[in-house]
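K.L.:
At position 753 of the sequence shown the residue is numbered 1689 (the numbering used here), and the sequence of numbers has no breaks.
My questions will all concern the structure given below.
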Amino acid sequence: MRLVSTKRTVFRTCPLCEATCGLALELDLAADRAAGSNHAGTNGHADPGPHIAAVRGDPDDIFSRGFICPKGASLGELERDPDRVRRPLVKSGGDFREVSWEDAFARINDALVPIRQKHGKHALALYVGNPNVHNIDLALYNRALVKAAGTRNYFTASSVDQLPKHLAAALMYGDPLAVAVPDIDHSDLVVILGANPMVSNGSLWTAPNLPGRLRALKARGGRIIVVDPKRTRTADIADRHLPIRPGYDAHLLLSVIHVLFARGWVDPAHLAGELSGDVADVKALVRDFAPARIAPLCGLDSADIEDLAAAIAKAERAAIYGRLGTSAQRFGTVTSWLVDLLNLLTGNLDRQGGAMFPTTAHSPHRPGKPPGGRGFATGRWHSRIGNLPEVMGELPVAILADEIETPGDEQVRALITVGGNPVLSTPDAGRLDRALGSLEFMVSVDPYINETTRHADVILPPPPLFTHGHYDLVFYRFAVRDVANYSPALRPLVDGELREWHIMLRLSTILMGQGPKVPFEVADNFVINTVIQREIGDRYSPLAGRPASELLAALAPRIGAERIVDFLLRAGPYGDHFGANPDGITLDKLEEMPHGIDLGPLKPSLPRRLLTENGKIDIAPAAIVADLDRLRAEMTAQMAAESAAESATESAAEPATDTGAPTTGASTGTEDTLLLIGRRTLRSNNSWMHNVKKLVAGKPRCTVQMHPDDAGSRQLSDGDTAEVRSAAGAITLPVELTDAIRPGVVSIPHGWGHGVAGTRMNVAQAHAGANVNVLTPSDMDPLSGNAILNGITVTVSPYSDK
Ligand SMILES: Nc1nc2c(c(=O)[nH]1)N[C@H]1C(S)=C(S)[C@@H](COP(=O)(O)OP(=O)(O)OC[C@H]3O[C@@H](n4cnc5c(=O)[nH]c(N)nc54)[C@H](O)[C@@H]3O)O[C@H]1N2
Ligand SMILES: Nc1nc2c(c(=O)[nH]1)N[C@H]1C(S)=C(S)[C@@H](COP(=O)(O)OP(=O)(O)OC[C@H]3O[C@@H](n4cnc5c(=O)[nH]c(N)nc54)[C@H](O)[C@@H]3O)O[C@H]1N2
Ligand SMILES: [Mo]
């Protein structure tokens, strides 16, 4: 670690989204000193620096080649934010007061230990949010906290996001992390369902400058097809846009597969010998899904479905990709399975230019291991409320409020949130907000006093960005090239700052009953030893049988998260294997390569990486096939209801209203209901970057977008205030007219609703917006437990406050 001494440029991988762009940060020490002597912010502390004077894309970054987005460009403002929490806060008499770390942890120990003694370990819940996967401290030490807590009530942002994708992968390949990504740089066709990578920069598809990569695909004669109820920026650059009715992607894909069978276009090619389950069984499953029958449900023409099938079948190399709009909806797991199935049945899975499974420099290296593993199971435990199965060790966050509010043994009475804002990001948010207010004790590890953390009794702030190293442990797993890039810490901690791995270990030892004073080294040595033992105990590891003490000595003097990263890299496929492969990667070597190292394009990896019990791909997992019954039942009911409605009105000339499906079941839609979907905007990152002035400047972005026809029939004009109401609640916000959205559908972004009392986010307060999750009922995809955030039945009407 070097101290900053002059004005200089440093290179750092952006930690904000999944694209892992390289940033060139210009640091200015003089400005640091000036800021330090001039003013302290609302948090009572000056920005501790180094001061980021300018942020540019790093043109030499081996992966992003200079690309940057508005979020990355505002990293300086974000770090300097005077509202940020910089010292531990404890609530007393309703107000937060700064305390020392010792006092904060003592308070937590005194409160949590008795609650768990009296009511058991399940009385404490954990909620872990999105930034945990963008941060080595949290990503690597989460496990210690979860184990120490031992609670079944473990919740994460995954159950409002991508759990269906993991579950489908787990059931097909035995591995929830076997997420296939479009090999965009070599594809001839990419079909994008329910994702808007031109704005989101891609998700479970790490490809910095995705806009540029999509354009390059077109420039070499490739095609893009987008399936989305809205003509998004991604749809704008596509060759074809199919404005599907929300929630009908599964139907569409079943129908596409129907066409493939009908036309004799099914050919798993190189994977034909790796399948468990009969392709003929899939054919039987899609028998009822002829385009003529399915297209009206999807709000499309049957020719659209035929054309889509033909485009995929005819393309030399195609990749089908589905994201949030196909995941956080009522058939999330079924749809995620169908996306992979379609890649598989057209020979596009695991081959160049198709959908491929990334390998990373830090993933376990197991040469010589035959395909197969232990398989995958859900439901190792169930929730107290609703008896819902655990999936990947977690329960659906949609039941958190219920677990807090429903009296009984093992009722949730205390909560720890780590880098999450569930009051804005999870369903039935109004209820959750009230429920958090009723907790006996709450701790938040977070840099803001926001809508969620204002309920905390203790807030523990992360230290500034520059005090910790960054390596993208999570998103390189989904990257379209094999890359490695490490950004070291730039300065040591100053008094009053604590690394988050320390915070996690402190909380862990408190929960293990060892009190708040166990030396960090002791707990940390335990963690690294667990990691080392797991590796050397695997007979296929390049480190099998090596003495732990030798490896530990070679990692010195690193400690904490960086030590674990070094270990994972050195044990990985390109690692130095602690001397056995002397030219291999170590963290020291990466530190000398500020623009990263490119380890090449994606390579086929099946059947080697399959972890199913029989080492084959389960093409039609039983649990998913069973859920198709729900889809069929709903479809039958809906078709009956729609044909009844049609013959009742006899009016074929009114296509503008979409009866849709209600919150989950079959249609009860009436003339004036609309279907609500979500969106992201370039200058926003979920809920937590709205306190940066330059990101919220300009026209309000938290609007309800609607088609002019839908607005007109409701006497609404552009800019009017509307009330949007659902079974769960109501919000008011401005109307934004756009013909980009499908009639019958409205779109509202999430992460807004900052106008509540008791927060400390002055800029966000002034650009409050409304909390869309007040409208989302706590319904979920039954297989994964993922919340249904898209396709919510709402009414929209003019609002008057009289
Ligand atoms: N600028 C910015 N970037 C971000 C984020 C951010 O907040 N801002 N958040 C990050 C996070 S946490 C994530 S998970 C990713 C998400 O990245 P994406 O998956 O690209 O997510 P969205 O941009 O929300 O796109 C979802 C799309 O699904 C469409 N949709 C809604 N319902 C349906 C449906 O039923 N069927 C179909 N086919 N489409 C539907 C919506 O219209 C929308 O265009 O973005 C990440 N990147
Ligand atoms: N209606 C609707 N709801 C949605 C979505 C949608 O499309 N529509 N999208 C969903 C998706 S994909 C996601 S991922 C979730 C996100 O849900 P959450 O993860 O609950 O929400 P975020 O807004 O990402 O909250 C991030 C929190 O972490 C804090 N934070 C930021 N950096 C750090 C750090 O370095 N350390 C710590 N300890 N804390 C930090 C921030 O202050 C903030 O409180 O929202 C979901 N909710
Ligand atoms: Mo997300």
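Glycine included, each C-beta is placed from N, C-alpha and C at the ideal position.
Classify L1617 as helix, strand or coil using the three-state DSSP reduction.
P.N.:
This sequence places Thr at residue 1617; Leu is not what is there. Residue state for T1617 is assigned as coil, using DSSP reduced to three classes.
K.L.:
Would you call the stretch 1094-1111 in contact with the stretch 1534-1550, where contact means no fewer than 3 C-beta pairs closer than 8 Å?
P.N.:
yes
K.L.:
For A1588, does the count of other Cβ atoms within 10 angstroms reach 16, so buried, or fall short, so exposed?
P.N.:
With a pLDDT of only 48 at A1588, under the threshold of 50, the placement of this residue in the model should not be trusted, and no figure is reported.
K.L.:
Just checking L1564 against ligand 3 - is the residue's beta carbon closer than 8 Å to any of the ligand's heavy atoms?
P.N.:
For ligand 3, no non-hydrogen atom lies closer than 8 Å to the CB of L1564.
K.L.:
Have a look at I1340, E1387, I1248 and flag the residue whose alpha-carbon is nearest the alpha-carbon of E1376.
P.N.:
The option with the nearest alpha carbon to E1376 is I1340.
K.L.:
By alpha-carbon positions, which one of C957, T945, C1005 ends up nearest to K1630?
P.N.:
C1005
K.L.:
By the three-class DSSP mapping on this structure, what secondary structure does A1226 have?
P.N.:
coil
K.L.:
Indicate whether V1021 and R1696 have their beta-carbon atoms separated by less than 9 Å.
P.N.:
yes
K.L.:
Given this structure, state the Cα-to-Cα distance separating S1662 from D1717, to the nearest angstrom.
P.N.:
The alpha-carbon atoms of S1662 and D1717 are separated by roughly 19 Å.
K.L.:
With the cut-off set at 9 Å, would you say I1180 and L1278 are in Cβ contact?
P.N.:
no
K.L.:
Would you say V1671 and G1648 are within 9 Å of each other, going by their C-beta atoms?
P.N.:
no
K.L.:
Between P951 and P1424, what straight-line distance do the alpha-carbon atoms span, to the nearest angstrom?
P.N.:
13 Å
K.L.:
Taking only heavy atoms of ligand 2 into account, decide whether any of them is closer than 8 Å to the Cβ of L1611.
P.N.:
no
K.L.:
Quickly, what does DSSP pair T945 with across the bridge? List them, please.
P.N.:
E962
K.L.:
Please go through the same chain and pick out, in chain order, the residues whose beta-carbon is closer than 6 Å to the beta-carbon of A1254, but skip the five residues on each side of it.
P.N.:
If we look at A1254 and ignore the five residues flanking it on each side, its Cβ neighbours are L1125, I1248, N1284.
K.L.:
Cα separation between G958 and G1496?
P.N.:
24 Å
K.L.:
Would you list the one or two residues that DSSP bridges to E1659?
P.N.:
The partner list for E1659 (beta bridge, DSSP) reads T1668, S1733.
K.L.:
Kindly indicate which residue of D964, P1306, E1242, Q1265 has the alpha-carbon position closest to the one of G985.
P.N.:
D964
K.L.:
Alpha carbon to alpha carbon, what distance is there between V1096 and L1669?
P.N.:
CA-CA distance, L1669 to V1096, rounds to 23 Å.
K.L.:
Rounded C-beta distance between A934 and N1137? I'm assuming under 8 Å.
P.N.:
The chain is shown only over 937 to 1738; residue 934 falls outside these bounds and no answer can be derived.
K.L.:
Mind reading off the beta-carbon distance from A1061 to L1396? Whole number of angstroms is fine, and I expect it under 8 Å.
P.N.:
The distance from the Cβ of A1061 to that of L1396 is about 17 Å, inconsistent with a contact at the 8 Å cut-off.
K.L.:
So, helix, strand or coil for K1635, using DSSP?
P.N.:
coil
K.L.:
Taking C-alpha atoms, which residue in T1712, G1694, G1687 lies nearest to A1706?
P.N.:
G1687
K.L.:
Is R1079 near ligand 1 - that is, is its Cβ less than 8 Å away from at least one heavy atom of it?
P.N.:
no
K.L.:
Can you tell which of A1075, T1731, E1659 has its C-alpha closest to the C-alpha of E1436?
P.N.:
A1075
K.L.:
Alpha carbon to alpha carbon, how far is V940 from R1506?
P.N.:
For V940, the predicted structure reports a pLDDT of 48, less than 50, and the residue's modelled location is therefore unreliable. A value from the coordinates is still provided. Here the alpha carbon of V940 sits roughly 28 Å from the alpha carbon of R1506.
K.L.:
Could you check what DSSP says for G1449 in three-state terms: helix, strand or coil?
P.N.:
coil
K.L.:
Within the chosen definition, does the stretch 1257-1273 reach the stretch 1076-1089 through at least 3 CB pairs nearer than 8 Å?
P.N.:
no
K.L.:
Would you list the residues sitting across from K1027 in a DSSP beta bridge?
P.N.:
F1032
K.L.:
Can you tell which of T978, R948, I988 has the C-alpha that lies nearest to the C-alpha of E962?
P.N.:
I988
K.L.:
May I have the straight-line CA-CA distance separating A1371 from A1084, to the nearest angstrom?
P.N.:
24 Å
K.L.:
For G1056, I'd like the list of residues in its chain whose CB is within less than 7 Å of its CB, leaving aside the five on either flank, ordered along the chain.
P.N.:
E1346
K.L.:
Under 6 Å Cβ to Cβ from F1032, same chain only, skipping five residues before and after it: list those, please.
P.N.:
L1025
K.L.:
Which residue or residues does DSSP assign as beta-bridge partners of D1214?
P.N.:
Looking at the DSSP assignment, D1214 forms no beta bridge with any residue, so it has no partner.
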